[in-house]
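**Q** First the structure, which I've put down as structure tokens, then a few questions once you've had a look.
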Amino acid sequence: MPFGKYDRDPEKPAYAEVALQDKMPAEGGDNYDVNKKKDHLTAYSFLGSFCAGEFLGLEELTSISLYRGIFGEFLACMFFLFSAMVASNALNGNLISIAFAFGLAIVILVQIFADISGGHINSAVTVGLLFAGRCSVVRALLYIPAQIAGSILGVFLVKWTIPDGQTNWGLGLLAPASGVSDGMAVLMEFLFTSLLILQVLVCTDGKRTIGKNSNIALSIGLTVLFAHLVLVPIDGCGINPSRAIASAVVRNVWDKQWIYWVGPMLAALVAPPVYEVILRKSA
């Protein structure tokens, strides 16, 4: 399952789990089965993960799965920006081609890297999963630099691959369109990053039907595609701080870049409690 459900297997991405005591058979009872105990553990809340002692995730530092996950996020972000930007350029960089290039890249890469790193491929998603209790502090703090480094390498590869002056979109540098205020751009980044994080939380909630009967990678990729269709004409569409900073680093242009961190990171803080209180299926 993308974004991971923690099961204490050292070879899989580790996330916090919370025991639902009211749903577990009493130990020693007629229906008690120690082998099934794990089936009653889920990963949903920040508070629950903290109380369960899994929030920091210091034990993950000795697990090879953490380092596989870090490298997986690095590779996924590199492939994401390189493939999406090259495809967009080859298709003349119009709105539809950009949206489909970024959305389909996410579909493919989440499918590939889900079992390695959880397939975050987005620093705001990582922070959102942290505050949803599905990612430890240690993993989040190590994933984000890997995501940024991979994204920067991806944009550098685009620059090295495509001759100067032949890109249609300035190596993906983001800025609000003419007439769009900074406040409006922050709001739009907040709203559509929230939509993405909520989709991730829905898709990885084992209690919801969508998480069992649908293609999770496709669902998340279509959300990214939709966000690009709406936001590209407004602010270029960030919804991913590591993607935004990569183009800024390669182009060495920093004007307005704060927008693409403030909006998505606010969404990462707000979306998890909204999901927990309003959208999470209770039974």
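Numbering follows full-length UniProt numbering, in which position 53 of the sequence shown is assigned residue number 53; successive positions increment by one, without gaps. For every residue, glycine included, the Cβ atom is placed at its ideal position computed from N, Cα and C.
1. Answer yes if the region 225-233 comes into contact with the region 112-120, meaning at least three C-beta pairs across the two stretches below 8 Å, and no otherwise.
2. Using only CA atoms, which one of Phe71, Leu266, Leu66 and Leu95 lies nearest to Ile148?
3. Give the DSSP-derived three-state secondary structure of Asp182 in the structure shown.
4. Suppose the cutoff is 8 Å on Cβ atoms and the five residues either side in sequence are ignored; what does the same chain contact list for Phe254 look like?
5. Shortest alpha-carbon distance to Ala267 belongs to which of Leu191, Leu129, Asp205 and Asn252?
6. Hey, would you say Phe79 sits closer than 7 Å to Leu109, going by beta carbons?
7. Please check the pair Gly69 and Ile106, which I expect to be a contact at CB under 8 Å, by giving their CB distance rounded to whole angstroms.
8. Using only CA atoms, which one of Met184, Trp169 and Gly170 lies nearest to Pro176?
9. Kindly give me the distance between the Cβ atoms of Glu59 and Tyr143, rounded to whole angstroms, as I take these residues to be in contact under 8 Å.
10. Excluding five sequence neighbours on each side, which residues of the same chain lie with their C-beta closer than 6 Å to the C-beta of Ala217?
11. Do Val137 and Ala57 have their beta-carbon atoms positioned less than 7 Å apart in this structure?
12. So, are the CB atoms of Cys135 and Leu141 less than 7 Å apart?
13. Do Arg243 and Leu171 have their beta-carbon atoms positioned less than 7 Å apart in this structure?
14. Only counting the same chain, and skipping five residues up and downstream in sequence, which positions put a Cβ closer than 7 Å to that of Gly103?
15. Could you have a look at Phe102 and say whether DSSP puts it in helix, strand or coil?
16. Is the beta carbon of Gly236 closer than 7 Å to that of Leu198?
17. Looking at the structure shown, is Asn35 part of a helix, part of a strand, or coil, going by DSSP?
18. Within the same chain, show all residues whose beta-carbon is closer than 6 Å to that of Thr193, passing over the 5 residues directly before and after it, in chain order.
19. Where residue 287 and Cys77 are concerned, what is the direct C-alpha to C-alpha distance, given to the nearest angstrom?
**A** The answer reads as follows:
1. Contact between the region 112-120 and the region 225-233 is absent, because fewer than three Cβ pairs lie under 8 Å.
2. One-based indexing of the sequence shown puts residue 148 at position 148. Nearest option by C-alpha distance: Phe71.
3. Stepping through the sequence shown from its first residue, residue 182 is reached at position 182. Assigned with DSSP and collapsed to three states, Asp182 falls in helix.
4. Locating residue 254 in the sequence shown gives position 254, counting from the first residue. Here the sequence assigns Trp to residue 254, which means Phe is not the residue at that position. Excluding positions up to five away in sequence, the list reads Ala248.
5. Start at 1 with the first residue of the sequence shown, and residue 267 comes out as number 267. The residue with the shortest Cα to Cα distance from Ala267 is Leu191.
6. Taking the sequence shown and counting its residues from 1, the one referred to as residue 79 is at position 79. Taking the sequence shown and counting its residues from 1, the one referred to as residue 109 is at position 109. Their beta carbons are under 7 Å apart, which means Phe79 touches Leu109 by this criterion.
7. Looking up residue 69 in the sequence shown gives position 69. Looking up residue 106 in the sequence shown gives position 106. Their Cβ separation, rounded to whole angstroms, is 18 Å, which puts Gly69 and Ile106 out of contact at 8 Å.
8. Position 176 of the sequence shown holds residue 176. It is Met184 whose Cα lies nearest to the Cα of Pro176.
9. Numbered from 1 along the sequence shown, position 59 holds the residue referred to as residue 59. Numbered from 1 along the sequence shown, position 143 holds the residue referred to as residue 143. That pair is no contact at about 17 Å.
10. Locating residue 217 in the sequence shown gives position 217, where the first residue counts as 1. Hits under 6 Å: Val107, Val110 and Gln111.
11. As a position in the sequence shown, residue 57 is number 57, starting the count at 1. As a position in the sequence shown, residue 137 is number 137, starting the count at 1. For clarity, residue 57 is Gly in the given sequence; the question names Ala instead. Against a cut-off of 7 Å, the Cβ pair of Val137 and Gly57 comes out as a contact.
12. Start at 1 with the first residue of the sequence shown, and residue 135 comes out as number 135. Start at 1 with the first residue of the sequence shown, and residue 141 comes out as number 141. Contact flag unset, no.
13. Taking the first residue of the sequence shown as 1, we reach residue 171 at position 171. Taking the first residue of the sequence shown as 1, we reach residue 243 at position 243. No.
14. Start at 1 with the first residue of the sequence shown, and residue 103 comes out as number 103. Within the same chain, Gly221, Leu222, Val224, Leu225 and His228 come within 7 Å of Gly103 by CB-CB distance, once the 5 residues on both sides are set aside.
15. Residue mapping note: residue 102 aligns to position 102 of the sequence shown, counting from 1. Three-state result, Phe102: helix.
16. On the sequence shown, residue 198 is found 198 positions in, with the first residue counted as 1. On the sequence shown, residue 236 is found 236 positions in, with the first residue counted as 1. Contact annotation: Leu198 and Gly236 have beta-carbon atoms that are not nearer than 7 Å.
17. Sequence index remark: in the sequence shown, residue 35 carries index 35 (1-based). Residue placement at Asn35 cannot be trusted, given a pLDDT of 41 that sits under 50; the coordinates are not used to answer.
18. Taking the sequence shown and counting its residues from 1, the one referred to as residue 193 is at position 193. For Thr193, where only same-chain residues beyond five positions count, the Cβ hits under 6 Å are Ala124, Ile239, Pro264 and Ala267.
19. This structure gives no information on residue 287, because the portion of the chain shown stretches from 1 to 283.
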